[in-house]
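The opening residue of the sequence shown carries number 1387 in the numbering used here; numbering runs sequentially from there. Don't be surprised by glycine CBs; every beta carbon is placed ideally from N, CA and C.
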Amino acid sequence: MSLDKTVESAAVAVADIPSGATLAVSGFGLSGNPIALIEALREQGASELSVVSNNCGVDGWGLGVLLEAGQIRKMTSSYVGENKEFARRYLTGELELELTPQGTLAEKLRAGGAGIAAFYTRAGVGTQVADGGLPQVYDAEGQVVQASQPKEVREFAPGGTAAEYVLEESIVADFSLVHAWRGDRHGNLVFNMAARQFGPPAAMAGRICIAQVEELVEPGEIDPDQVHLPGVYVHRIIEVGTDIEKRIEKRTVSPSGGEG
């Protein structure tokens, strides 16, 4: 069997994603959003998707594209504050939301890819994350109709100091969609800067991982010591080019300091 995992287009790469699938999607803010794959999935039309990602893009970009098209049923995220359409759909009962602490979400994805069913963490102890009650679904009148359930909490004493820890289950998705800086035909990936935050764990969590890369190279051209995610986790790869559009949520500038 050939180790060449390249496919000819984003449309081909996402063609078999069915309605109702669970997706793990890379991105930290808008950094590392696999926009070519997202737009191809928009055209493909799969609906009722459950998406696990740090955030849901912004209005008109990133996962916001799928949200505006009504293709997302549920989001599992850490941060959702840059998307007005997200807020509208959530507060009117059109979207289910499972809020998860950022580090916990990254570990839930990584653990899923590593075959770890669950783990204990201090994050969320003493809050609604552990105790339950976080609003997950509203009705059209703005009333909470579904809230998060309490999680198991146990006491451990690592290093001799006793503390409470909450049990978090790992996440395994049907598909992963990720953006990387470089990749080879065997699927070995290199992520750039902030895109490395959620890129590798999101990729690991998918039963089928689809990667878009800015630069596709031949096997052996990437120093093994520079590989952030080995190709064993990647099943399909496409090249999108280095000139692909990249956006940021907000641009801030400071005065140059000069006069005139």
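The three-state secondary structure of R1633, taken from DSSP, is coil. Counting only runs that start and end inside the segment 1418-1442, the alpha helix (DSSP H) elements of at least 4 residues fall at 1421-1430.
Under DSSP, R1622 takes part in a beta bridge, and its partners are I1596. Residue nearest to L1520 within the set G1546, S1464, L1563 and N1574 is S1464 (criterion: CA-CA distance). For P1610, same chain residues with a beta-carbon under 7 Å away, outside a window of 5 residues either side, do not exist. Membership of F1472 in the alpha helix (DSSP H) is indicated by the continuous run K1470 to L1477.
Taking C-beta atoms under 8 Å as the contact rule, I1624 and R1568 fail to qualify, at a distance of about 13 Å.
Remark: C-beta atoms of E1554 and K1494 approach each other more closely than 7 Å. Membership of P1586 in the alpha helix (DSSP H) is indicated by the continuous run G1585 to A1591.
Straight across, the Cα-Cα distance linking A1597 with A1548 is about 42 Å. Burial of S1562 is indicated by the presence of at least 16 other C-beta atoms within 10 angstroms of its C-beta.
With contacts defined as CB atoms closer than 7 Å, R1459 and E1425 fail to qualify as a contacting pair.
Contact between V1620 and S1412 fails: their C-beta atoms lie close to 12 Å from each other, not under 8 Å. When the beta-carbon positions are compared, V1451 and L1409 stay at least 7 Å from each other.
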